[in-house]
Amino acid sequence: MSNKIHVSTKVNGDAVEFLCDPRETLLDVLRDRLNLTGAKEGCGTGDCGACSVTVDGRLICSCLMLGAEAEGKEIGTIEGVAEGGELHPLQRKFIEHAALQCGVCTPGILVAAKNLLEKNPDPTEEQVRYWLAGNLCRCTGYDKIIRAVLDAAEEMRGAA
Amino acid sequence: MKYHTPASFADAAAIAASASGVTRFLAGGTDVLVQMRSDIVMPDDLIDIKHIDGVKDITQNADGSWTLGVAVAGAEMSEHPTLGKDWPGLVEATDLIGSTQVQGRATLVGNLCNGSPAADSVPAQVAAGVTMTVTGPNGDRVAAVEDLPAGPGRLNLEKGEVISAVHIPARGDNAGDAYLRFIPRTEMDIAVVGCGISLRLDGDTITEARVSLGAVAPTVLLVEDCAKAIIGTTLDDAALDALAKAAEAACNPIDDKRGTIEFRTDVAGVLARRAAKIAYARAKGE
Ligand code: FES
Ligand code: FES
Chain A
24 MSNKIHVSTK VNGDAVEFLC DPRETLLDVL RDRLNLTGAK EGCGTGDCGA CSVTVDGRLI
84 CSCLMLGAEA EGKEIGTIEG VAEGGELHPL QRKFIEHAAL QCGVCTPGIL VAAKNLLEKN
144 PDPTEEQVRY WLAGNLCRCT GYDKIIRAVL DAAEEMRGAA
Chain B
3 MKYHTPASFA DAAAIAASAS GVTRFLAGGT DVLVQMRSDI VMPDDLIDIK HIDGVKDITQ
63 NADGSWTLGV AVAGAEMSEH PTLGKDWPGL VEATDLIGST QVQGRATLVG NLCNGSPAAD
123 SVPAQVAAGV TMTVTGPNGD RVAAVEDLPA GPGRLNLEKG EVISAVHIPA RGDNAGDAYL
183 RFIPRTEMDI AVVGCGISLR LDGDTITEAR VSLGAVAPTV LLVEDCAKAI IGTTLDDAAL
243 DALAKAAEAA CNPIDDKRGT IEFRTDVAGV LARRAAKIAY ARAKGE
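The listed protein sequences correspond, in order, to chains A and B.
Letter by letter, the first sequence follows residues 24 to 183 of this note's numbering.
Letter by letter, the second sequence follows residues 3 to 288 of this note's numbering.
Okay, here's the thing in structure tokens:
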């Protein structure tokens, strides 16, 4: 099988080109071809959210999209969340609230939470819980994650 | 696997018609990629229809009806400023499918074409009277959603046929729709029973109704007897009893760990009552 597809896309604002097999998912491409290993594969079937990224600003599971579909799109991953050496408020609040243990779910949750706060800077706890319902965490029991997101939202509103 | 990106539905249909192996169309991919990953299906030809003009458009036509592109995602329907005002039941049913991430990609047409009798948006589509344009090697035809499922995982589509547009009727005055499902938890689960209802009123009296049940038979059902039970009534207790009875009578469910035959049958009646009340209140503008 050598019908590799040439794809031009943007990842975290940078123009990127890659060759991929048509069966490769965007998650495979990010991790194995672009060395962006922040997005994790928890399940590979859209159930856990560990592979969450944005495509043209829309939150998706990168395990449920082909690399070939990225042509002409703008991809956002966890690697683009911090600004240079400066952690994003969500990242700082996750550390402050101890909202992670093993960390496998964390990149996906941060990408998902950032996407929520861009659409809705002042979500209720219920809205945060529903928004993140597709992000499974087997360690924290979720509550610290929710507190961290709400606290970060409050700080970001104050700064704006 | 060959990955195709045709620029028209006629081209997409031609690729599928001449393909000799397993063919799949790709829109949101939330079922196709899972099947590929789980080694259930590995297509020889995968036809991505998202390079075709208009597949992401939500358009309200001059007569009030709606045309949706086949790659419009659930999140795009939910965020639309007016679609959900016309058809709240249909938009809410679609929004029930999967997580935020799945909503970013999953489509109405994919939900239909996956062929699950438990697909949440399908009873709502049937109740709303949604039709689909089907493009095939010999041109276009229009099919009602209730005529497309043939059984679990199977559709009444010929080789080379692809759904190319979604048509939602004009809502019109004094009308409302609703969809309810039962699941054992609050989010992200597969319907044990689903019920979609759309109706229109003249004053307090129901003049038109469509009632659809999901997950109680091999395909989503359009239940005429349920509609008859409430047309001409003001949805009083007698009408609700007749509606529930007709819903129960239409059930031919499976028995599994998610729900017994008895349970699914009973819940179908309960959901029909509740969905009818919501649709009625919406039709009254309440
Ligand atoms: S790896 Fe994509 S949802 Fe689990
Ligand atoms: S911190 Fe371990 S899965 Fe969430």
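Cβ atoms here follow ideal geometry from the backbone N, Cα and C, with glycine treated the same way.
CB contact flag (Ala285 (chain B), Arg202 (chain B), <8 Å): yes
Between which two residues does the alpha helix (DSSP H) harbouring Glu250 (chain B) extend? Asp239 to Ala252
With a cut-off of 5 Å, give the chain-ordered residues whose Cβ is closer than this to any heavy atom of ligand 2. A:Leu123, A:Gln124, A:Cys125, A:Val127, A:Cys128, A:Cys160, A:Arg161 and A:Cys162
Cys125 (chain A) classed as buried or exposed, judged by whether at least 16 other C-beta atoms fall within 10 angstroms: exposed
Is the distance from the Cβ of Ala29 (chain B) to the Cβ of Lys52 (chain B) below 8 Å? yes
Cross-strand partners of Gly178 (chain B) (DSSP beta bridge): B:Leu201
When B:Thr236, B:Ala130, B:Leu223 and B:Ala152 are compared against Asn254 (chain B), the one with the closest alpha-carbon: B:Leu223
Beta-carbon neighbours of Gly103 (chain A), restricted to chain B and to distances below 7 Å: Within 7 Å Cβ-Cβ: nothing; Gly103 (chain A) doesn't reach chain B, min ~17 Å.
Please report how far the alpha carbon of Leu98 (chain B) lies from the alpha carbon of Ala277 (chain B), in whole angstroms. 15 Å
Which residues in the same chain have their Cβ closer than 6 Å to the Cβ of Met24 (chain A), if we skip the five residues on either side of it in sequence? Annotation note: pLDDT 48 at Met24 (chain A) (below 50); position unreliable, coordinate value reported separately. Contacts found: none.
In this structure, what does DSSP give as the bridge partners for Lys33 (chain A)? A:Ala38 and A:Glu97
How many Å lie between Thr48 (chain A) and Ala64 (chain B) at the Cα? 41 Å
Against chain B: residues of the segment 52-69 of chain A by CB proximity under 7 Å: Gly67, Thr68 and Gly69
Would you mind stating whether Ala18 (chain B) and Val164 (chain B) have Cβ atoms separated by less than 8 Å? yes
Quick one: does Tyr165 (chain A) have its CB under 8 Å from some CB of chain B? no
Closest by CA to Arg81 (chain A), which one among A:Lys137, A:His29 and A:Arg180? A:Lys137
Give the residues of chain B in contact with Arg170 (chain A), contact being defined as C-beta atoms less than 9 Å apart. Here the premise fails: no neighbours, minimum Cβ distance about 19 Å.
Length of the line joining the Cα atoms of Tyr5 (chain B) and Phe27 (chain B): 10 Å
Buried versus exposed call for Arg266 (chain B) [16 or more other C-beta atoms within 10 Å across all chains shown]: buried
Could you tell me the distance, in whole angstroms, from the CA atom of Ala38 (chain A) to the CA atom of Asp174 (chain A)? 34 Å
Report buried or exposed for Ala274 (chain B), applying the criterion of at least 16 other Cβ atoms within 10 angstroms of its Cβ. buried
Just checking: is the beta-carbon of Glu92 (chain A) within a distance shorter than 8 Å of some beta-carbon in chain B? yes
Near-chain A residues of the segment 164-190 of chain B - C-beta to any C-beta below 8 Å: Glu189 and Met190
Residue from A:Val30, A:Lys167, A:Glu177 and A:Ile118 whose Cα sits closest to the Cα of Thr147 (chain A): A:Glu177
Helix, strand or coil at Ala1 (chain B) according to DSSP, with G and I counted as helix: Chain B is shown from 3 up to 288; residue 1 (chain B) falls before or after that span and cannot be answered.
Which word fits Asn158 (chain B), buried or exposed, when buried means at least 16 other C-beta atoms lie within 10 angstroms of its C-beta? exposed
Distance cut 6 Å, beta-carbon to ligand 1 heavy atom: residue list by chain order: A:Glu64, A:Gly65, A:Cys66, A:Gly67, A:Gly69, A:Asp70, A:Cys71, A:Gly72, A:Ala73, A:Cys74, A:Cys84 and A:Cys86
Below 6 Å CB to CB, which residues in the same chain sit around Asp227 (chain B) once its five sequence neighbours on both sides are set aside? Ala248
Three-state secondary structure assigned by DSSP to Lys4 (chain B): strand
Residues in the segment 43-77 of chain B with C-beta within 8 Å of chain A's C-beta atoms, listed in sequence order? Met44, Leu48, Asp50, Lys52, Ala75 and Ala77
What does DSSP give as the partner residue(s) for His169 (chain B) in the beta ladder? B:Thr69 and B:Thr133
Cutting at 6 Å between CB atoms, please list the residues of its own chain near Ala180 (chain B), excluding the five before and the five after it. Gly91, Ile199, Ala277, Ile280 and Ala281
Using 8 Å as the Cβ pair cut-off and three pairs as the minimum, do the segment 92-105 of chain A and the segment 133-146 of chain B touch? no
Do Ser214 (chain B) and Pro151 (chain B) come within 8 Å of each other at the CB atom, strictly closer than that value? no
Just list the residues that DSSP pairs Glu119 (chain A) with in beta bridges. DSSP lists no partner for Glu119 (chain A).
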